[in-house]
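Peer 1:
2 protein chains.
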Amino acid sequence: MTGLFDERIRALASESPFTGPETLERRNGQAFATRLGANESVFGPSPKTIEAMARVAADSWMYGDPEQFELREALAEKHGLAAKNIICGVGIDGLLRDLLSVACAPGSRVLTSLGAYPTFGYFATAAGAAIETVPYTADFRQNWQRLTERAQELRPKVLYLTNPDNPTGSYHDAGSLQTVLADVPDDTIVALDEAYCDFAPAEAIPPADLVRPNLLRFRTFSKAYGMAGARIGYVIGDPYAIAQFDKVRDHFAVTRLSQAGAIAALADVDHLKRTIAEVAKAREQLAQVAENLGFAALPSATNFVAIDLGKGGEDCRKIAEDIERRGVFVRRPATEFLNRTLRVTAGTATDIERFGKALRSAVNRLDS
Amino acid sequence: MTGLFDERIRALASESPFTGPETLERRNGQAFATRLGANESVFGPSPKTIEAMARVAADSWMYGDPEQFELREALAEKHGLAAKNIICGVGIDGLLRDLLSVACAPGSRVLTSLGAYPTFGYFATAAGAAIETVPYTADFRQNWQRLTERAQELRPKVLYLTNPDNPTGSYHDAGSLQTVLADVPDDTIVALDEAYCDFAPAEAIPPADLVRPNLLRFRTFSKAYGMAGARIGYVIGDPYAIAQFDKVRDHFAVTRLSQAGAIAALADVDHLKRTIAEVAKAREQLAQVAENLGFAALPSATNFVAIDLGKGGEDCRKIAEDIERRGVFVRRPATEFLNRTLRVTAGTATDIERFGKALRSAVNRLDS
Chain A
1 MTGLFDERIR ALASESPFTG PETLERRNGQ AFATRLGANE SVFGPSPKTI
51 EAMARVAADS WMYGDPEQFE LREALAEKHG LAAKNIICGV GIDGLLRDLL
101 SVACAPGSRV LTSLGAYPTF GYFATAAGAA IETVPYTADF RQNWQRLTER
151 AQELRPKVLY LTNPDNPTGS YHDAGSLQTV LADVPDDTIV ALDEAYCDFA
201 PAEAIPPADL VRPNLLRFRT FSKAYGMAGA RIGYVIGDPY AIAQFDKVRD
251 HFAVTRLSQA GAIAALADVD HLKRTIAEVA KAREQLAQVA ENLGFAALPS
301 ATNFVAIDLG KGGEDCRKIA EDIERRGVFV RRPATEFLNR TLRVTAGTAT
351 DIERFGKALR SAVNRLDS
Chain B
1001 MTGLFDERIR ALASESPFTG PETLERRNGQ AFATRLGANE SVFGPSPKTI
1051 EAMARVAADS WMYGDPEQFE LREALAEKHG LAAKNIICGV GIDGLLRDLL
1101 SVACAPGSRV LTSLGAYPTF GYFATAAGAA IETVPYTADF RQNWQRLTER
1151 AQELRPKVLY LTNPDNPTGS YHDAGSLQTV LADVPDDTIV ALDEAYCDFA
1201 PAEAIPPADL VRPNLLRFRT FSKAYGMAGA RIGYVIGDPY AIAQFDKVRD
1251 HFAVTRLSQA GAIAALADVD HLKRTIAEVA KAREQLAQVA ENLGFAALPS
1301 ATNFVAIDLG KGGEDCRKIA EDIERRGVFV RRPATEFLNR TLRVTAGTAT
1351 DIERFGKALR SAVNRLDS
């Protein structure tokens, strides 16, 4: 089998950028009672989304519209843009894959933060790109200034930024993006992942009609809209850039149900507002849980809170594993420095109580 | 924007391998009364699938299992294989994209039939591969002998075969595949697209446990299971080959609803049998319609019938467009030679009657 598969692929390990909670459940031989590890919305999709998906389930014999026309029209209206500024895909994950397909060839360089969303690196590696990283600052923020300077030196095909940031919850204000755009090379694509933008303060998010030839903004229905399992996201950008996606993307990949569900979700502004309010409340509760145990909760502009355990990676790993054994699914970033934090998604009061108990027990066990 | 996007991508046109019926509807300003152009199953998904999808719609806030564990277990049982022989993806389209990502790099060569499923060529081009083709035989069959000979000369990374064939409906028997496997180079992956296998005579389909290091068999829930809009397919192969997909695929891309729907579909063998029987009946009715108008219907081992209009491509184009204007969605292959055929999907008696009337009117109009 020497010559089967491309050389660069044969050298890679077979693994997902994230281990799914179902895999952990099978491994542990028990289901999670509390699922706060994947930044999903326990507050669920809009009832109107659920209704729309159930209603069109019988239509699943038909392929979904490969242009996602109605959804793109609805998104264009929401953002004050044209449909040609928008492309849909199978969540931000799928759209990052598309981006790396159009931007890179084997040997291309891409730039991001050390510890940023692993799926970007996963698809960059699959595309044969070399990934360069810049560490987070000591206060758990992406170092946009250093990233920009490095982009000037490196001239990467893609500079990947997330705002607000995952896995820290921190954010940069809209003006910072303008500075990045002014200073990065014209032939570097700034891929701005705004998965968590709905939870952020207004000052963090540039106006939706900020369109530049080298700026692509990634949005999703997975977080505030509570549709992670329906796989649907979109990119906002310059029409020329958006048109590149149509050269490589799987046009039919967004399911018929997901399209119907997303259109219904956009129409239910009240559900979105309720979710955002619930998340804000949960963030405070999570911060309180952390503080009661003597830990700092990092300020969060997202639907999760990163808790700084202030302990080395090994202790933090033991705590995370212990919490998992106690039936609570949370994540610990894998990267050096960030791996002293636990990333806990906003949940119901019951979820947070269960997490708090598990964390307390895990810490006591470690200290004993 | 000179340096934005990879050079090979900038050179491509922005277009889908297929224009969706919704796009045609918007262009024509009217909805299709009859939808027989995308080889979907008008007989629908199993009621159990519809019920399962509706039931889990509210769970869409959770990502689907990235291992598709339960579904793969069910498929392994169905085929008498192990789960490690199976990988799931967003339909065969998405899995072909994965294949081309793992098998090719820019400059690789792939081989297929001239006029074979365009999505294979689309993703091959996106991967930077050079596509070589071998024409169909005069009796509308893929020329497996010539393809094998050409593979020996060319040593392509992938040889893409479909059996039964789309868009002709013809098939090769299981023994022919053995001959291909014996004769192609060991480092050529034989990608066998079996999307239509459920409709084929038993002699066409090799046993499911025919596993070879360089053989990958593509299956789907889009056709006989009536779940095209749910985007779910799988590949059967050698564990080493299957593991390569995990290096590049979008692990979370198959929706939670689709996984639940597919598991329910596998359990409803009666619905599958009914669909296959309905399709067989419809094929006969479509052949009758063609013969009544003096045209030959090609023998079909699929859920569609290719009607040989025996006219040049230009006349055939006019007929196809006229049928479309009369509210009936069918496809005409784009490639020279095959473009004298119309590809008509199995439908209800009403669908077929409408198609027959539209075809008669279109032919009369052309002759007048």
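These protein sequence lines are chains A and B, in that order. Under this note's numbering, the first residue of the first sequence is numbered 1, with each subsequent residue one higher. Under this note's numbering, the first residue of the second sequence is numbered 1001, with each subsequent residue one higher. Ideal Cβ placement from N, Cα and C applies to all residues, glycine included. Since the structure is predicted, the reported quantities are computational estimates derived from the model, not experimental observations.
Using C-beta distances below 6 angstroms, list every residue in its chain close to Ser170 of chain A, excluding the 5 sequence neighbours before and after it, in chain order.
Peer 2: The residue you call residue 170 of chain A lines up with position 170 of the first sequence. These residues qualify, in order along the chain: Phe140 and Arg141.
Peer 1: Let me know the alpha helix (DSSP H) ranges lying completely inside the stretch 199-257 of chain A, each 4 residues or longer, listed in chain order.
Peer 2: Runs found: 239-245.
Peer 1: If you drop the 5 nearest sequence neighbours on each side, which residues of the same chain put their C-beta closer than 8 angstroms to that of Ala204 of chain A?
Peer 2: Reading the first sequence from its first residue, position 204 is the one you call residue 204 of chain A. Asn163, Pro164, Tyr171, His172, Asp173, Ala174, Cys197 and Ala301, listed in sequence order.
Peer 1: Ala1074 of chain B to Pro66 of chain A, Cα distance in whole Å?
Peer 2: Within the second sequence, numbered from 1, the residue matching residue 1074 of chain B stands at position 74. Within the first sequence, numbered from 1, the residue matching residue 66 of chain A stands at position 66. When rounded, the distance between both Cα atoms is 29 angstroms.
Peer 1: Distance, Cα to Cα, Leu216 of chain A vs Ser176 of chain A?
Peer 2: Position 216 of the first sequence holds residue 216 of chain A. Position 176 of the first sequence holds residue 176 of chain A. Looking at the two C-alpha atoms, the distance is approximately 16 angstroms.
Peer 1: Cα separation between Asp238 of chain A and Gly294 of chain A?
Peer 2: The sequence position of residue 238 of chain A within the first sequence is 238, counting from 1. The sequence position of residue 294 of chain A within the first sequence is 294, counting from 1. Looking at the two C-alpha atoms, the distance is approximately 47 angstroms.
Peer 1: If we define contact as Cβ-Cβ less than 7 angstroms, is Thr1023 of chain B a contact residue for chain A?
Peer 2: On the second sequence, residue 1023 of chain B is found 23 positions in, with the first residue counted as 1. Yes - at least one Cβ of chain A is within 7 angstroms of the one on Thr1023 of chain B.
Peer 1: Report the neighbours of Ala1126 of chain B on chain A: residues whose CB is nearer than 8 angstroms to its CB, in chain order.
Peer 2: Position 126 of the second sequence holds residue 1126 of chain B. Going along chain A in sequence order, the residues near Ala1126 of chain B (Cβ under 8 angstroms) are Ser101, Lys247 and Val248.
Peer 1: Run the CB neighbour count on Ala124 of chain A, radius 10 Å, all protein chains shown included, and call it buried at 16 or more, exposed below.
Peer 2: Locating residue 124 of chain A in the first sequence gives position 124, where the first residue counts as 1. That one is buried.
Peer 1: Can you tell me where the alpha helix (DSSP H) holding Tyr1122 of chain B begins and where it ends?
Peer 2: For this step, residue 1122 of chain B is matched to residue 122 along the second sequence. Taken as a continuous stretch (DSSP letters only), the alpha helix (DSSP H) holding Tyr1122 of chain B covers Pro1118 to Ala1126.
Peer 1: Let's test the definition: count the other Cβ atoms within 10 Å of the Cβ of Glu153 of chain A and tell me whether it reaches 16, buried, or not, exposed.
Peer 2: As a position in the first sequence, residue 153 of chain A is number 153, starting the count at 1. That one is exposed.
Peer 1: Consult DSSP for Leu1384 of chain B and reduce its assignment to one of helix, strand or coil.
Peer 2: For residue 1384 of chain B there is no data in the structure shown, the boundaries of chain B being 1001 and 1368.
Peer 1: Along the beta strand (DSSP E) that carries Leu1111 of chain B, what are the first and last residues, could you check?
Peer 2: On the second sequence, position 111 is the one that residue 1111 of chain B refers to. Arg1109 to Ser1113 is the extent of the beta strand (DSSP E) around Leu1111 of chain B.
Peer 1: Mind pulling the chain B residues with CB within less than 7 angstroms of Pro135 of chain A?
Peer 2: As a working mapping, residue 135 of chain A is identified with position 135 in the first sequence. Ordered by position in chain B, no residue passes the 7 angstroms Cβ test against Pro135 of chain A, which lies about 27 angstroms from the chain.
Peer 1: Between Gly80 of chain A and Ile1263 of chain B, what straight-line distance do the alpha-carbon atoms span, to the nearest angstrom?
Peer 2: As a first step, residue 80 of chain A must be located in the first sequence, where it is residue number 80. As a first step, residue 1263 of chain B must be located in the second sequence, where it is residue number 263. Taking the straight line from one Cα to the other gives about 41 angstroms.
Peer 1: For Gln1244 of chain B, count neighbouring C-beta atoms within 10 Å of its own C-beta (all shown protein chains included) and say buried if the count is 16 or more, exposed if not.
Peer 2: By one-based count along the second sequence, residue 1244 of chain B stands at place 244. It is buried - the Cβ of Gln1244 of chain B has at least 16 other Cβ atoms within 10 Å.
Peer 1: Between the alpha carbons of Met1001 of chain B and Leu210 of chain A, how many angstroms are there, rounded?
Peer 2: Position 1 of the second sequence, counted from the first residue, corresponds to residue 1001 of chain B. Position 210 of the first sequence, counted from the first residue, corresponds to residue 210 of chain A. Unreliable placement is indicated for Met1001 of chain B, whose pLDDT of 48 sits below 50; the coordinate value is still reported in the next sentence. Their backbone Cα atoms lie some 17 angstroms apart in a straight line.
Peer 1: Could you pull the start and end residues of the beta strand (DSSP E) that Ala130 of chain A belongs to?
Peer 2: As a working note, residue 130 of chain A is residue 130 in the first sequence. Here the beta strand (DSSP E) through Ala130 of chain A covers Ala130 to Val134.
Peer 1: For my contact list, Asp1322 of chain B and Ala1297 of chain B are in at a C-beta cut-off of 8 angstroms; report their separation, rounded to the angstrom.
Peer 2: On the second sequence, position 322 is the one that residue 1322 of chain B refers to. On the second sequence, position 297 is the one that residue 1297 of chain B refers to. No, Asp1322 of chain B and Ala1297 of chain B are not in contact; Cβ-Cβ is about 19 angstroms, not under 8 angstroms.
Peer 1: Below 8 angstroms, how does it come out for the stretch 1184-1197 of chain B and the stretch 1316-1334 of chain B: are there three or more Cβ pairs, yes or no?
Peer 2: The stretch 1184-1197 of chain B is not in contact with the stretch 1316-1334 of chain B.
Peer 1: Using a beta-carbon distance below 7 angstroms, is Gln288 of chain A in contact with chain B?
Peer 2: As a working note, residue 288 of chain A is residue 288 in the first sequence. By this cut-off, Gln288 of chain A is not an interface position.
Peer 1: 7 angstroms is my cut-off, CB to CB: does Phe1140 of chain B come that close to chain A?
Peer 2: Position 140 of the second sequence holds residue 1140 of chain B. Chain A contact via Cβ: absent.
Peer 1: At a CB distance below 8 angstroms, what residues from the stretch 83-113 of chain A approach chain B? Give them in sequence order.
Peer 2: Listed in sequence order: Val90, Gly91, Asp93, Gly94, Arg97, Ser101, Val102, Ala103, Cys104, Ala105, Pro106 and Ser108.
Peer 1: Beta-carbon separation of Arg35 of chain A and Phe221 of chain A under 7 angstroms?
Peer 2: The residue you call residue 35 of chain A lines up with position 35 of the first sequence. The residue you call residue 221 of chain A lines up with position 221 of the first sequence. Contact: no.
Peer 1: Can you find a C-beta in chain A that's less than 7 angstroms from the C-beta of Thr1348 of chain B?
Peer 2: Along the second sequence, one-based indexing puts residue 1348 of chain B at 348. So no, Thr1348 of chain B is outside the interface.
Peer 1: Could you pull out every residue in the same chain whose Cβ sits closer than 7 angstroms to the Cβ of Ala208 of chain A, ignoring the five residues on either side in sequence?
Peer 2: In the first sequence, residue 208 of chain A corresponds to position 208, counting from 1. These residues qualify, in order along the chain: His79, Gly80, Leu81 and Ile236.
Peer 1: Whose C-beta lies closer than 7 angstroms to the C-beta of Pro21 of chain A among residues of the same chain, with five residues either side of it excluded?
Peer 2: Residue mapping note: residue 21 of chain A aligns to position 21 of the first sequence, counting from 1. Hits under 7 angstroms: Phe32, Arg35, Gly37, Ala38 and Phe329.
Peer 1: I want to verify the contact list: residues of chain B whose CB lies under 7 angstroms from the CB of Thr255 of chain A, in sequence order.
Peer 2: Locating residue 255 of chain A in the first sequence gives position 255, counting from the first residue. What Thr255 of chain A touches in chain B: Gly1229, Ala1230, Arg1231, Thr1255 and Ser1258.
Peer 1: Does the distance from the C-beta atom of Pro17 of chain A to that of Pro135 of chain A stay below 7 angstroms?
Peer 2: For this step, residue 17 of chain A is matched to residue 17 along the first sequence. For this step, residue 135 of chain A is matched to residue 135 along the first sequence. No, these two residues do not count as a Cβ contact at 7 angstroms.
Peer 1: Please list the segments of the beta strand (DSSP E) lying wholly inside the stretch 35-111 of chain A, counting only runs of 3 or more residues, in order along the chain.
Peer 2: Fully enclosed beta strand (DSSP E) runs of 3 or longer: 86-89.
Peer 1: Please state if the CB of Arg256 of chain A and the CB of Ser108 of chain A are separated by a distance shorter than 7 angstroms.
Peer 2: Locating residue 108 of chain A in the first sequence gives position 108, counting from the first residue. Locating residue 256 of chain A in the first sequence gives position 256, counting from the first residue. Against a cut-off of 7 angstroms, the Cβ pair of Arg256 of chain A and Ser108 of chain A comes out as no contact.
Peer 1: Mind listing the chain A neighbours of Gly1380 of chain B? Cutoff is C-beta to C-beta under 9 angstroms, in chain order.
Peer 2: What the structure shows of chain B is the stretch from 1001 to 1368, and residue 1380 of chain B is not part of that stretch, so it cannot be assessed.
Peer 1: Report the rounded CA-to-CA distance for Ala202 of chain A versus Arg55 of chain A, giving the unit in angstroms.
Peer 2: What you label residue 202 of chain A is simply residue 202 of the first sequence in a count that begins at 1. What you label residue 55 of chain A is simply residue 55 of the first sequence in a count that begins at 1. Each residue's alpha carbon lies about 35 angstroms from the other.
Peer 1: Can you list the residues of chain B that Arg283 of chain A reaches, using a CB-CB cut of under 8 angstroms?
Peer 2: The sequence position of residue 283 of chain A within the first sequence is 283, counting from 1. Result: empty, since nearest Cβ-Cβ is about 18 angstroms, beyond 8 angstroms.
Peer 1: Run through DSSP, which three-state label would Val289 of chain A get?
Peer 2: As a working note, residue 289 of chain A is residue 289 in the first sequence. DSSP places Val289 of chain A in helix when its eight states are reduced to three.
Peer 1: What residues from the stretch 1004-1033 of chain B come within 9 angstroms of chain A, judged by C-beta to C-beta, listed N to C?
Peer 2: Those residues of the stretch 1004-1033 of chain B that come within reach of chain A (Cβ to Cβ, closer than 9 angstroms) are Leu1004, Phe1005, Asp1006, Glu1007, Arg1008, Ile1009, Arg1010, Leu1012, Ala1013, Ser1014, Glu1015, Ser1016, Pro1017, Phe1018, Thr1019, Gly1020, Pro1021, Glu1022, Thr1023 and Arg1026.
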